[in-house]
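Student: Quick note: the sequence shown uses this note's numbering, first residue 169, plus one each step. C-beta: ideal position from N, C-alpha, C; glycine also. Have a look at the structure that comes next, please.
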Amino acid sequence: PEICFGTQDKRFYCIKSDGMPLKGFPVKTESPVTTSGSFAYFGPNNELSIAFGCEDGSIYVVNSKGRVLPNFPFKTHYQISGMPVFADINDDGKNELIVASQDYSIYAINEKGKLLPGFPVETGYRIHSSPAIADIDMDGYLDIIVTSTDGKLYVIDYNGKPKSGFPFDTQSRIFSSPVVGDVNCDGLPEIVFAAVDGRVYVVNNKGRLVEDFPYVIGGDIKSSPIIADIDSDGRIEMLFLTPKSELHSLLTVNKCEKKSRLVWQMAGRDSQKSGRYYPNAARIYDVGFESTKVYANESVKAKYKYFHLDGRAEQNTKIYWYKNGKHIEELDGKKVVEPMYFKKHDRIYFEVQDEENFREYGRGPGSRIVKSEEIEIKNVIPDAPQVEFVPKEVFTNTKVEIRILKESTDYDNDRVVYRYSYFRNNRRLEYPESQNFINPADVFKNDRFSIIVTPFDGEETGKSTSLEFNVKNTAPTACDFEIIPSNPTVTSEIEVKITKPSTDIDKDTLSYVYNLWLDGIFIPYDFNSNKFMGNFFKKNQEVKIGVKAFDGELYSQEVYKTVKIFNSPPQAPEVIILPQNPTVENELKAVIKKPSLDYDRDPVIYRFVWYRNNEVVKEVREGFMTSKHFKKGDTIRVEVIPNDGVVDGAKASSETKILNARPSPVIAHLQKTVLTSSDEANIIIDRESKDPDGDNISYRTEWYNNGKRIESLNDRMNTRGYVIKKHEKWTVRMYSTDGADKSDAINMSFEVKNTPPTRPEIAFEMPYGDKNNSLKVRVTKPSQDIDGDKVDYRINWFVDGKEVSQGRNSFELKPEFFNKNQTVVVRVTPFDGEEAGESAEVSTYIKNSAPIPPVVDIEPKNPCVSSDITCKVVKQPVDVDGDVLINKFNWYKNSVLFLSGVENRLDKGFLKKGDKISCEMVSTDGEYVVNHRSSEIEIANSKPTKPEIKIIPENPSTREELTCIIVKNSDDLDGDKLTYHFLWKKNDKNYKENTTKLLPEEVLRGNKYTCAVFSSDGELSSEVAETSVTV
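This is the structure:
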């Protein structure tokens, strides 16, 4: 073994039995070493490590080679007096390092050098003692026991939360390190320590004094006690050393029937000063089943993980099995339970206990038994049956039955029934699930049936069996038909009409095949057509037709019928009468436009018959009729009859009507071809029109202005009363009419010329100009235009006799084009788009201009008493004449001037809340004075500052009253009276308002309580302060 110790020369030594230092030692520190070393397996590599504290508050952890572990030393804020200790306080299978510092705090540090959540825990004053470790409340987790010079004994858990009943207050300073053991033989741990008031305290695990304590020894006791049965009489001695070097031994009254459990006998735990908690209990975790889905015909397999911080191997771990809530002793110790021990729906779980824990505690208080989840044994589904369908061949409308050849087997011996599912072409048939046949009405040709037979044991369906088959086809019946027409010719289209259709039991879509024989010879015609086109046959041929039905797979029986081809009469020719629109001046002629067609190819001759007003004109027998046989208005018709030498064919006819003859054109001219807008146009006739039919005639005129017809002048011989305008181009169209037709028209034209506008009258809008304003001229009396044209004005500006080209054609001349004391002339000339009229002129004089006022505003927009206020110049004053401006600022409070000067800044201190402030900027060029005053702004209320709060106690226990107190009040710059608003949250949800306390019955373990507080001056609220504690 080695001896390890620290020294004031900032070194920590480990010396072998030969007096030589261990390799890697001594370890150099930055401060004197002030504690003994503690030893345990620790760090990222779980290697043997030594921890010790220093005067500067540093905690070093080094390995056996003297190397400091990563993330160490860990820094506290003041000296470490008591030795640090190792223990697995959060039961994660790894040691944590527990340190108490004179900076008032308790630290719990993991192997990575990081604080555990909830740490550090603050006490009321410096801690000189070394922590003790024990499971005080027997909840399976180790607790940290520390005394402080604030006079309190602290017991906290791995989350940094105080245990129920703690801290225990002695009202006297404590330097003594606590020790822990069952000193009164009640089977529970007690905590023993002394205070500087000379009293010895024994406190039970509820935070209460044991009977007969405290015991007064006297003297300023700062040493730590030792507990042990030093004389082996079955009673525990408590040894204390006083400042007078007196050793006191106190005995408990009770004598232990069995060896008392002394968890932490002295500071550093034991005489070796190991500084670590041991023996540790084995950790059994991840307790469960290999599979949580176990069937009645499968074994149940337990699983768990085992770990021991002290390195002890697993031995004789206890496993207890439970079925339906009852312990099955015969299965104890098994990790695999065969299916013979359970049946379906049994509920199974097991418990695991370390053998060492069982030896010490049995299954009573202090035992650590881990329970698995409970699982239910699953039902075993039946296997698939063997099935068949009958009959083996299925046709349309056949009843199909499903038969079970071999029943399903059920492991649980449940009664099995069968569920039938039927699918036709992948679509389910809505049958009762117990029906074992297919209705004949649902069976059709080519349908594909799938049948699924599923066993059911009353709880679950088993494995299914499926069958499939297709429905076969049936041939259609024979049809009957007739041939139309019954006496066809070569031009006839022969059609086969089905009089009695074929039928198909499969409801297939049927088609017909048509076969053709001519004079006994088979002709491969279109087999799918029931029509045979005209001109395919010859006169006197015998035609035989056969018809059979086809359903896509099979044909029906074929049926035959016969007809004979008869003679064809010639077709009607096409005839027209020319000319198409005849008058009394024309001769009529009947013209064969398209000859008759004879499908038998016989020669054709024609006969002509003429009609006038539906009466035959016997004098005309050929294809011509002269004008002596008709007059205007007669209706003339000619009929043409073809003949093939056997029969007449269809006759053709054409009809026309003798139309009216048009009058001859009139000859005329316009009196004038160039006019002004004050003239009128007149038409002069040179030669009258004549009519061939002797009808009376009249004259029509159409007047067009620039191509648009003027309806009001229709049939007029002049434009009298109608206003004509310049540049209009007119056309006159004139013709004669006999009431039915009109003659050819003649066209005549004339044009209207332009007149310029008159001189306007003008004036300036202001008699004098300046640099602040544009000069504007207006027309006081517009120019007149006899043509009604729109008159535009051409404008020219002259400054001191020189034209300003930039102002051309503008009624406004901007200030940049003239200066003070100059003369400005404007000339305005009317223009109608073609010609300019007489011009008008006016002049003015430019005088001095007033400066353009500034624009100011106050910043900030919502000032309070602590704000510096600026009169911000949003827009600077401008003198367009270039004069130098003199500026000053006036400040108004509550509408009264209280400050004036060249500065635009008002420092804080002049105003109070509610004052109304405005600023004004005044500018002058020596002649004119301009100003701008900002809008008035009220000095706003100041927002209170955020308060500081805390919850006491800071580490509450269940059912301990919580109080939210204000540590530092909010400040209000306006001196307003403040009110405080309290809101409690429970687990981050709003819980209770308007109270500073939570009653004990509201404070429950595991909950997070948050107090939120803000202050209000009646207008504004401060930011919300929040603090939280977890019970």
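Under 8 Å, with one C-beta from each stretch per pair, do the segment 585–604 and the segment 506–519 reach the 3-pair mark?
Tutor: no
Student: I need the boundaries of the alpha helix (DSSP H) containing N525, first residue and last residue.
Tutor: As a first step, residue 525 is located in the sequence shown; it is residue number 357 there, counting from the start. Looking at the DSSP string, the run of the alpha helix (DSSP H) that includes N525 is E523 to Y529.
Student: Is it buried or exposed for I1120, if we count other Cβ within 10 angstroms and need 16 for buried?
Tutor: Along the sequence shown, one-based indexing puts residue 1120 at 952. Label assigned to I1120: exposed.
Student: Give me the Cα-Cα distance between P194 and P382, rounded to the nearest whole angstrom.
Tutor: Looking up residue 194 in the sequence shown gives position 26. Looking up residue 382 in the sequence shown gives position 214. For P194 and P382, the distance between alpha carbons rounds to 44 Å.
Student: Below 8 Å on the Cβ atoms is my guess for Y590 versus I572; work out the distance and round it to an integer in Å.
Tutor: The count along the sequence shown starts at 1 and reaches residue 590 at position 422. The count along the sequence shown starts at 1 and reaches residue 572 at position 404. No, Y590 and I572 are not in contact; Cβ-Cβ is about 16 Å, not under 8 Å.
Student: To which residues does DSSP link K944 through a beta bridge?
Tutor: On the sequence shown, position 776 is the one that residue 944 refers to. According to DSSP, K944 shares a beta bridge with E980.
Student: Report the rounded CA-to-CA distance for N112 versus F986, giving the unit in angstroms.
Tutor: Outside the displayed span of the chain (169 to 1199) sits residue 112, for which this structure offers no information.
Student: Grab me the residues of D670's own chain with a C-beta within less than 6 Å of its C-beta, minus the 5 sequence neighbours each way, in chain order.
Tutor: Here residue 670 refers to the residue found at position 502 when the sequence shown is read from its first residue. Asp is not the amino acid found at residue 670; the sequence shown has Ser there. Excluding sequence neighbours, S670 sits near P644, T645, C647, L678, A717 and S724.
Student: Comparing the C-beta of P692 with each C-beta of chain D, is any distance below 8 Å?
Tutor: Checking the listed chains, one finds no chain D in this structure; it contains a single protein chain.
Student: Roughly how many whole angstroms lie between the Cα atoms of V1046 and S1190?
Tutor: In the sequence shown, counting from the first residue as 1, residue 1046 sits at position 878. In the sequence shown, counting from the first residue as 1, residue 1190 sits at position 1022. Distance between the alpha carbons of V1046 and S1190: 46 Å.
Student: State the beta-bridge partners of E544 as determined by DSSP.
Tutor: The residue you call residue 544 lines up with position 376 of the sequence shown. DSSP, once it has assigned bridges, lists R515 as partnering E544.
Student: Mind pulling the beta strand (DSSP E) runs of 3 or more residues that sit fully within the segment 668–747?
Tutor: DSSP runs (the beta strand (DSSP E)) wholly in the segment 668–747: 679–686, 689–691, 710–718, 727–732 and 742–746.
Student: On the criterion of 16 or more Cβ atoms from any shown chain inside 10 Å, does P810 qualify as buried, or is it exposed?
Tutor: The count along the sequence shown starts at 1 and reaches residue 810 at position 642. With 16 or more Cβ atoms within 10 Å of its Cβ, P810 is classed as buried.
Student: Whole-angstrom Cβ separation of E791 and A758, contact assumed at under 8 Å?
Tutor: Numbered from 1 along the sequence shown, position 623 holds the residue referred to as residue 791. Numbered from 1 along the sequence shown, position 590 holds the residue referred to as residue 758. A small correction: the amino acid at residue 791 is Gly; Glu does not occupy that position in the sequence shown. Yes, they are in contact, since the Cβ atoms of G791 and A758 sit about 4 Å apart, within 8 Å.
Student: Measure the C-alpha to C-alpha separation of V1135 and G387 and round it to an integer number of angstroms.
Tutor: Here the question's residue 1135 lines up with position 967 in the sequence shown. Here the question's residue 387 lines up with position 219 in the sequence shown. Straight-line Cα distance between these residues: approximately 38 Å.
Student: Less than 8 Å separating the beta-carbons of D337 and K320?
Tutor: Stepping through the sequence shown from its first residue, residue 337 is reached at position 169. Stepping through the sequence shown from its first residue, residue 320 is reached at position 152. Taking 8 Å as the Cβ cut-off, D337 and K320 qualify as a contacting pair.
Student: What are the boundary residues of the beta strand (DSSP E) that F254 is part of?
Tutor: What you label residue 254 is simply residue 86 of the sequence shown in a count that begins at 1. Start and end: V253 to A255.
Student: Does DSSP put S589 in a helix, in a strand, or in coil?
Tutor: For the purposes of this step, residue 589 is taken as the residue at position 421 of the sequence shown. Three-state DSSP puts S589 in a strand.
Student: Report the three-state DSSP secondary structure of L409 (helix, strand or coil).
Tutor: Residue 409 sits at position 241 when you count from the first residue of the sequence shown. Looking at L409 - three-state DSSP - the assignment turns out to be strand.
Student: From this set, I892, I733 and L838, which residue's C-alpha is nearest D957's C-alpha?
Tutor: If you number the sequence shown from 1, residue 957 lands on position 789. Comparing Cα-Cα distances from D957 to each of I892, I733 and L838, the minimum goes to I892.
Student: In the structure shown, what three-state DSSP assignment does I554 receive?
Tutor: Here residue 554 refers to the residue found at position 386 of the sequence shown. The residue asked about is misnamed: residue 554 is Gln in this sequence, not Ile. Of the three classes helix, strand and coil, the one that applies to Q554 here is strand, per DSSP.
Student: Please report how far the alpha carbon of D256 lies from the alpha carbon of K1154, in whole angstroms.
Tutor: Here the question's residue 256 lines up with position 88 in the sequence shown. Here the question's residue 1154 lines up with position 986 in the sequence shown. Cα to Cα, the separation comes out at about 31 Å.
Student: Measure the alpha-carbon distance for I1117 versus M434 and round it to whole angstroms.
Tutor: Within the sequence shown, numbered from 1, the residue matching residue 1117 stands at position 949. Within the sequence shown, numbered from 1, the residue matching residue 434 stands at position 266. Using only the alpha carbons, I get a separation of about 40 Å.
Student: Does the Cβ of Y588 have 16 or more other Cβ atoms within 10 Å, making it buried, or fewer, making it exposed?
Tutor: Numbered from 1 along the sequence shown, position 420 holds the residue referred to as residue 588. When all chains shown are included, Y588 counts as buried.
Student: Considering only C-alpha positions, which residue in the set G328, G355 and L265 is nearest to Y228?
Tutor: As a first step, residue 228 is located in the sequence shown; it is residue number 60 there, counting from the start. The option with the nearest alpha carbon to Y228 is L265.
Student: Measuring straight from C-alpha to C-alpha, what distance separates P559 and D500?
Tutor: For the purposes of this step, residue 559 is identified with residue 391 of the sequence shown, where counting begins at 1. For the purposes of this step, residue 500 is identified with residue 332 of the sequence shown, where counting begins at 1. The straight-line gap from Cα to Cα measures roughly 60 Å.
Student: Going by C-alpha distance, which of D454, W432 and K461 is nearest P447?
Tutor: As a working mapping, residue 447 is identified with position 279 in the sequence shown. The shortest C-alpha separation from P447 is found at W432.
Student: With which residues is M934 paired in a DSSP beta bridge?
Tutor: Here residue 934 refers to the residue found at position 766 when the sequence shown is read from its first residue. DSSP, once it has assigned bridges, lists no residue as partnering M934.
Student: Can you look up Y509 in the DSSP assignment and give me helix, strand or coil?
Tutor: As a first step, residue 509 must be located in the sequence shown, where it is residue number 341. Note: Y509 maps to helix in three-state DSSP.
Student: Which residue marks the beginning of the beta strand (DSSP E) containing L265, and which one marks its end?
Tutor: The residue given as residue 265 occupies position 97 in the sequence shown. Looking at the DSSP string, the run of the beta strand (DSSP E) that includes L265 is E264 to A268.
Student: Pull the bridge partners of Y1089 from the DSSP assignment, please.
Tutor: Locating residue 1089 in the sequence shown gives position 921, where the first residue counts as 1. For the sequence presented, residue 1089 should be read as Met rather than Tyr. Residue pairing of M1089 in beta bridges, as defined by DSSP: F1057 and H1100.
Student: Note down the Cα distance separating T629 from E279, rounded to an integer number of angstroms.
Tutor: Residue 629 sits at position 461 when you count from the first residue of the sequence shown. Residue 279 sits at position 111 when you count from the first residue of the sequence shown. Straight-line Cα distance between these residues: approximately 55 Å.
Student: List the residues that DSSP assigns as beta-bridge partners of V314.
Tutor: Here residue 314 refers to the residue found at position 146 of the sequence shown. BP columns for V314 point to Y322.
Student: Identify which residue in T410, V368 and K374 has its Cα closest to the Cα of L419.
Tutor: For the purposes of this step, residue 419 is taken as residue 251 along the sequence shown, with counting starting at 1. Of the candidates T410, V368 and K374, the one whose C-alpha sits nearest the C-alpha of L419 is V368.
Student: Using the Cα positions of N696 and V681, report the straight-line distance between them to the nearest angstrom.
Tutor: Here residue 696 refers to the residue found at position 528 when the sequence shown is read from its first residue. Here residue 681 refers to the residue found at position 513 when the sequence shown is read from its first residue. Spanning the two alpha carbons is a distance of roughly 5 Å.
Student: Can you find at least 3 beta carbon pairs, one from the segment 1097–1113 and one from the segment 1030–1049, that sit closer than 8 Å?
Tutor: yes
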